[in-house]
Amino acid sequence: MSDHGHDHDHDHDHDHGDEHGHRHYDTPGSRRARSALEVRAMALEAALVEKGVVKTDAIDAFTDALEHRFGPHHGARVVARAWTDPDFKQRLLDDANAACAELGVAGVEGNIRVVENTDDVHNLVVCTLCSCYPWPLLGLPPIWYKSFPYRARAVAEPRSVLSEFGVELDDDVRIKVWDSSSEVRYFVLPARPDGTDELSEDELAAIIDRNSMIGTALVAAP
Amino acid sequence: MSDHGHDHDHDHDHDHGDEHGHRHYDTPGSRRARSALEVRAMALEAALVEKGVVKTDAIDAFTDALEHRFGPHHGARVVARAWTDPDFKQRLLDDANAACAELGVAGVEGNIRVVENTDDVHNLVVCTLCSCYPWPLLGLPPIWYKSFPYRARAVAEPRSVLSEFGVELDDDVRIKVWDSSSEVRYFVLPARPDGTDELSEDELAAIIDRNSMIGTALVAAP
Amino acid sequence: MDGIHDMGGMAGFGPVDVSAEASGHEGWEARLQATALLSGGMSRPGIEAIPPAEYLASSYAEKWLACSEHRLLGDGVIEREQLDRWRTALADDPNRLPPRDDAPEAVPGLVAMLTTTPSMAEATESRFAVGDRVRVRRMRPEGHHRCPRYVRGAVGVIDRIPGAEHQPPAEPGGDVGHFEAVYTVQFDSRDLWGDQRDEGEPPFDLLVDLWESYLEDP
Amino acid sequence: MDGIHDMGGMAGFGPVDVSAEASGHEGWEARLQATALLSGGMSRPGIEAIPPAEYLASSYAEKWLACSEHRLLGDGVIEREQLDRWRTALADDPNRLPPRDDAPEAVPGLVAMLTTTPSMAEATESRFAVGDRVRVRRMRPEGHHRCPRYVRGAVGVIDRIPGAEHQPPAEPGGDVGHFEAVYTVQFDSRDLWGDQRDEGEPPFDLLVDLWESYLEDP
């Protein structure tokens, strides 16, 4: 399903099966001790499996998708392609789902609208009511995206929030804040930095960090 | 300063003086053990007195005012007078501070506006931002008045709140909710119940409970 | 500040505990209020600065304590070591009480102040008149204010002009703000919450006191 | 429900901890999310029903756990005794893991679902058009909704019509609501928060997706 899929399938295949099952929980071989919260989460799974409500391999597969099939490496590929292929970029802005599918990027929480940063416009994505986020392109959100200060302040004082991320914009840049209240998930196409004309698509993908696709960072030349 | 003041002065005078000082805190003779919070409050007083910032007898006098000089017995006297003296009632509605002063009721948090319950109108008082309350007429507020459910809901679903207090109003009664956001303090003049024509002013005062002067109760005939 | 204290209209707190009566009637809570007010430790901006999770988890007395301790320690009026020492002493010995230090000559003046109703200035200059329609300005003040969020942008009618006042200090210990008319503004509940008849709430009136600069022409 | 989760515009939470990254990237939190979603324990109405003080005191994972346990216990899907027994067993023995029960034939279908982008229906009937000015209705819904309080009563412009959707279920496990057009509505920040230039915030645009029945003519 993904043109980078091979690497990933390889990465997680060997984690599957009975011997490696439940690999997400900590055992004495793990570096961390189980927290009370982790025990609570494990007990919930145990009770559900015991009742036959959910199957272990379904949990494995879902967790694997959240952790490995989705992630910001996909978002970076999409951005790098858009920077290097004007037709793709136009398709991405017109119909993001179809354009992402061209690169094998698709999935739940992935009904995407791409919004483009330019010299005049800076986009910032938030979900005030919850923590909605474009899973296929960015994976699971970082803590700060789910935090109360970010959810509360991004819609009311975006420059103040951006400055905490080290992003200072000129006064005449218009900020557009996107509050993800429906099933649409917003994804920022960052501006391509100067001095990157010689970079390949893969080299470009390597300089695009996750925050730049949420709007809390600008992409810098390497 | 109060025409019922004698009883009260008598009540609290004997609590004063060094031997009886700090009577508000619990000692082994008290029924309750000191809570951690009470210890914290005592330590704050101790540090302030040690530094000479506040004087013990000033705290005594202030506490005494909050507990004894102010209180719903004053509110009840004002209501009973208004029920039995139409001219006083008119003065009370026109200039509550002056009318209350006639009965010796005055004090901080006492810039009063009286709002009258009638067959058509029911008044309900709340302070959404804080817990403002007409101290001289009603004393310190009960816990429920300071509680989050009351502060949050009284302004948006007054009938639902009133029903929790056992008050059910006819659909055609218009509710007026007063949110005490400035220095004005609102006080409800409840409707006089039927069947009380024979009661004296003092007998009337005895049937007026505090909640009826906030709007969360109706006065019932004895 | 549009903080957690501004809870008018918020859902999720459950029913009102109508039997909850006692607070402030236990002697020490009233005494704490007296101490906090006399020392200048208590202020509404200070209460509102309590972090939201702590605000919701604290009783009324805890909030007054937290606010007062924070302010008085921060201003150097009292010292951390003092508080710790006294807490230990008062917890260890149930007969121990705070020290006593009186100034009886100051008490009559204090009592006179407490039993005097503060007068509100007449509003000699007021932009709006009783009966005028006004809209509450959209705003997001950083400091303490008295304009609940649930009336922002809503249109109401001036019911009365109780007088003129300074806007309250924006910060703990700050100066009072602009002196201006205060209006009691009446809103129809449908202009705040929509039509709630299906939820058993026929239209009602909501009256809020608002400083002139919170208001604009509708 | 206009609950504590509806925090857009609220002040007092302090700065964003921009270094807070890890959550959901520790394996067990992602696994919890998978478990909560697969079992039907997680729902937004369920998360929003967490009492406000607990909501603010809880991490993201704690909220998913509390929501799921509450729902699954309440519906009798699992039993209190089971949870307690497993908690004890898993805390006592660090080698112990939940039991394993596979159904490999179901996995490909699940993976296909997870890796398929959900399609949004086209809005064939829509009351408003791109460029129209609309006002967000004043409301106070008791159940789950997607209309943040900070846009209530504000006027914006339709930016786009991404499609049509059912309104989300009002209650955990409830039916979806009315099927209707969804609009991306653009607001000028001054129409939400007033002029904030003095606080270093020049006017900006705020775009929110809103179901048709949240909107009315301005």
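Protein chains in written order, with this note's numbering: chain U, 50 to 271; chain W, 50 to 271; chain G, 29 to 246; chain C, 29 to 246. Don't be surprised by glycine CBs; every beta carbon is placed ideally from N, CA and C.
CA nearest to the CA of residue i, picked from the options
| i | options | result |
| --- | --- | --- |
| V102/U | G69/C, G171/C, D121/C, A39/C | G69/C |
| G120/W | D109/W, R223/W, G153/W | G153/W |
| S84/W | T212/G, D120/G, T63/G | D120/G |
| I78/G | S67/G, L66/G, L65/G, W92/G | W92/G |
| A134/C | N146/U, A107/U, S180/U, G188/U | A107/U |
| A255/W | N172/W, E206/W, V128/W, V226/W | V128/W |
| G264/W | E217/W, A201/W, N160/W | E217/W |
| N172/U | I224/U, E87/U, G124/U, E247/U | I224/U |
| E206/W | R218/G, R155/G, Y88/G, V210/G | R218/G |
| G74/C | D226/C, R59/C, S96/C, S87/C | S96/C |
| E266/C | W221/C, A182/C, F207/C | An answer regarding residue 266/C cannot be provided, because it is not within the stretch 29 to 246 covered by chain C. |
| G159/C | E109/C, P246/C, D129/C | P246/C |
| Q214/G | T143/G, E208/G, G184/G, R124/G | G184/G |
Same chain, Cβ closer than 6 angstroms to residue i, five either side skipped, listed in chain order
| i | result |
| --- | --- |
| S71/C | P200 |
| P176/G | D34, G36 |
| W193/U | Y199 |
| I32/G | P80, Y83 |
| H55/U | The predicted position of H55/U is uncertain, since its pLDDT is 38 and thus under 50; a value taken from the coordinates is nonetheless stated next. Here the set comprises nothing. |
Below-9 angstroms beta-carbon distance, residue i vs any chain D residue
| i | result |
| --- | --- |
| D45/C | The structure shown contains no chain D; its protein chains are U, W, G and C. |
Integer-rounded CB distance, given that residue j should sit under 8 angstroms from residue i
| i | j | result |
| --- | --- | --- |
| V44/G | V210/W | 6 angstroms |
| P80/C | G40/G | 5 angstroms |
| S344/U | D237/C | The structure shown does not extend to residue 344/U, since chain U is modelled only from 50 to 271, so the question has no answer here. |
| M91/W | P126/G | 6 angstroms |
| R59/G | R89/W | Rounded, the Cβ-Cβ distance is 12 angstroms, inconsistent with contact. |
| F236/W | L186/W | 5 angstroms |
Cut-off 7 angstroms between Cβ atoms - residues of its own chain near residue i, not counting five sequence neighbours on either side
| i | result |
| --- | --- |
| D216/G | P231, D233 |
| E165/U | L142, L238 |
| D203/G | P197 |
| S180/W | P190, Y194, K195 |
| Y242/G | V164, R165, C175 |
Rounded C-alpha distance that separates residue i from residue j
| i | j | result |
| --- | --- | --- |
| L93/U | A85/C | 21 angstroms |
| D30/C | D144/W | 39 angstroms |
| Y83/G | E57/G | 18 angstroms |
| E90/G | H98/G | 12 angstroms |
| G171/C | G244/U | 52 angstroms |
| D223/C | M167/G | 7 angstroms |
| R165/G | E153/C | 35 angstroms |
| R180/G | L220/G | 9 angstroms |
| W227/W | I186/G | 14 angstroms |
| R188/G | A157/G | 8 angstroms |
| A62/G | K195/U | 41 angstroms |
| D109/W | G104/C | 57 angstroms |
| E109/C | A94/C | 16 angstroms |
| A125/W | R161/G | 36 angstroms |
| A64/C | M262/U | 27 angstroms |
| P135/U | E229/G | 57 angstroms |
| G52/G | T145/G | Residue placement at G52/G cannot be trusted, given a pLDDT of 49 that sits under 50; what the coordinates show is reported in the next sentence. The straight-line gap from Cα to Cα measures roughly 21 angstroms. |
Chain-order list of residues whose beta-carbon lies under 8 angstroms from that of residue i (same chain, five-residue window excluded)
| i | result |
| --- | --- |
| Q150/C | The displayed chain sequence assigns Glu, not Gln, to residue 150/C. Excluding residues within five positions, the ones whose Cβ falls inside 8 angstroms are G191, A192. |
| V233/W | N160, I161, R162 |
| E107/G | L101 |
| G205/G | H194, Q195, P196, P197, A198 |
| L111/C | E97, L101 |
| F137/U | R130, A131, A148, E151 |
| D75/U | R81, A82, R83, E87 |
| S67/C | S96, L100, V105 |
9 angstroms Cβ cutoff met for residue i and residue j
| i | j | result |
| --- | --- | --- |
| R130/W | G156/W | no |
| A269/W | P242/W | yes |
| A150/U | M38/C | no |
| R128/C | H71/U | yes |
| F197/W | N260/W | no |
| A117/G | A95/W | yes |
| T133/W | A240/W | no |
| G55/G | H123/W | no |
| Y178/G | V175/W | no |
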